[in-house]
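Read through the structure below, which is laid out as structure tokens, and then see the notes.
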Amino acid sequence: MVFKFGRMNRFFLTFFALVSLTLLTPCLGKTTEELDTLFSYPKTTGTAVTKVYDPMEKLNRRIFKMNSLLFKYLKSSANKKLFQGTSPRKSQTGQKSANSAKHLFLNIVDNLSEPSYVINHLLQGNPKKAVIEFWRFFINSTLGILGTFDIAQTLGLEKKATSYRKTLTIYGMKNGPFIMFPLFGATSLRNSIAALLEILTNPLNLVTQHKFIPFIVYNYSRIAREIDYYSIVFENSIDPYVKSRTFLINYDATSE
């Protein structure tokens, strides 16, 4: 267990080293804004970004290529398990049970995000929404069995989701350099800091001394989304890397 924890510590050190490298090397590469205009969001979602700050493009492309191979393997492995020699009835029953278990797990993970909503609403100057999120977390963690069931919503307390990314944006922090992380995919410096804050304020930190557990829980759905996103990025794409990068920047621009 000590060995595994040490490996996770090295992972976090690598994370911070990569962010530091991004800050200290603003002129390592050039952008490819000419290609960015080919992959814009629909007009209903906002204006396409024409320029992306990507000083580490050469390194980012290598990581993107590695991620592509990994996602391709994970996707094919999942398909093999899904269609492995079982009868149709067993396959449907097993799939339904697996989906139900996954849904309950994601409900618990989602409930663990409520405290960060409270903090962010307070930082954003929305005390009423902060109070709603506080009671949502309290009710769902007790009556809802750790968030397995959304009892608060049945009582009329609708979720008021927000994020550290939005808070940092309100306080004037820009996207910063584009970053491609192994396994976790495309992000920016601001989003990386926001993700770190999400992990540090996760309630699991109060019940476990192993900091990698909140990290894994927080990123579970992100990794699953990246695997599904793999096929979308590569579909009819001249440059999948640019498509992935532009999707992220456009999303941030239209949701600020």
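Quick note on numbering: the sequence shown equals residues -29 to -1, 1 to 227 in mature numbering (1 follows the signal peptide of the UniProt record, and there is no 0). Note that beta-carbon positions come from the ideal geometry of N, C-alpha and C, so glycine has one too.
*Where T158 and P211 are concerned, what is the direct C-alpha to C-alpha distance, given to the nearest angstrom?*
Here residue 158 is taken as the residue at index 187 of the sequence shown, counted from 1. Here residue 211 is taken as the residue at index 240 of the sequence shown, counted from 1. So the two alpha carbons sit approximately 15 Å from each other.
_Could you give the first and the last residue of the continuous alpha helix (DSSP H) run that contains F149?_
Taking the first residue of the sequence shown as 1, we reach residue 149 at position 178. Run containing F149: none in the alpha helix (DSSP H); it sits in the beta strand (DSSP E), 149 to 152.
*asked:* Could you tell me the alpha carbon to alpha carbon distance between K214 and A101, rounded to whole angstroms?
replied: Residue 214 sits at position 243 when you count from the first residue of the sequence shown. Residue 101 sits at position 130 when you count from the first residue of the sequence shown. About 36 Å.
*Which partner residues does T158 have in the DSSP bridge list?*
Position 187 of the sequence shown holds residue 158. BP columns for T158 point to I150.
*asked:* Is it buried or exposed, residue 234, if we count other Cβ atoms within 10 angstroms and call 16 or more buried?
replied: In this structure the chain extends from -29 to 227, so residue 234 is not present and cannot be described.
_Among T138, I122, S47, whose alpha-carbon lies nearest the alpha-carbon of Y201?_
Here residue 201 corresponds to residue number 230 of the sequence shown, with the count starting at 1. If we check each option's Cα against that of Y201, S47 comes out closest.
*List the endpoints of the continuous alpha helix (DSSP H) containing E85.*
As a first step, residue 85 must be located in the sequence shown, where it is residue number 114. From DSSP, the alpha helix (DSSP H) with E85 extends over 85 to 94.
*In terms of residue numbering, what span does the alpha helix (DSSP H) encompassing K99 cover?*
Start at 1 with the first residue of the sequence shown, and residue 99 comes out as number 128. Start and end: 98 to 113.
_Alpha carbons only, please: which of F152, A132, L77 is nearest the one belonging to K99?_
Along the sequence shown, read from residue 1 onward, the residue named residue 99 stands at position 128. Nearest option by C-alpha distance: A132.
*My understanding is that K145 touches R161, with C-beta atoms under 8 Å, so please give their C-beta distance in whole angstroms.*
On the sequence shown, position 174 is the one that residue 145 refers to. On the sequence shown, position 190 is the one that residue 161 refers to. Indeed, because the Cβ distance is near 7 Å, the residues count as touching under 8 Å.
*asked:* With H, G and I counted as helix, E and B as strand and the rest as coil, what does DSSP make of Y44?
replied: Here residue 44 is taken as the residue at index 73 of the sequence shown, counted from 1. In this structure, Y44 counts as helix in the three-state DSSP scheme.
*Just mark T217 as buried or exposed, buried being the case when its beta carbon has 16 or more other beta carbons within 10 Å.*
Position 246 of the sequence shown, counted from the start, is the residue given in the question as residue 217. By the 10 Å Cβ count, T217 comes out buried.
_I'd like to check one pair, D223 with P148: are the Cβ atoms closer than 8 Å?_
By 1-based counting over the sequence shown, the position of residue 148 is 177. By 1-based counting over the sequence shown, the position of residue 223 is 252. Against a cut-off of 8 Å, the Cβ pair of D223 and P148 comes out as no contact.
*Beta-carbon separation of N91 and Y142 under 8 Å?*
As a working note, residue 91 is residue 120 in the sequence shown. As a working note, residue 142 is residue 171 in the sequence shown. Going by C-beta atoms, N91 is not nearer than 8 Å to Y142.
_Would residue 254 and T119 be called neighbours here (beta carbons separated by less than 8 Å)?_
This structure does not reach residue 254, given that the chain is present from -29 up to 227, and the question cannot be answered.
*State buried or exposed for R33, treating a residue as buried only when at least 16 other CB atoms are found within 10 Å of its CB.*
For the purposes of this step, residue 33 is taken as residue 62 along the sequence shown, with counting starting at 1. By the 10 Å Cβ count, R33 comes out exposed.
*Taking Cβ positions, are E104 and E129 nearer each other than 8 Å?*
As a position in the sequence shown, residue 104 is number 133, starting the count at 1. As a position in the sequence shown, residue 129 is number 158, starting the count at 1. Going by C-beta atoms, E104 is not nearer than 8 Å to E129.
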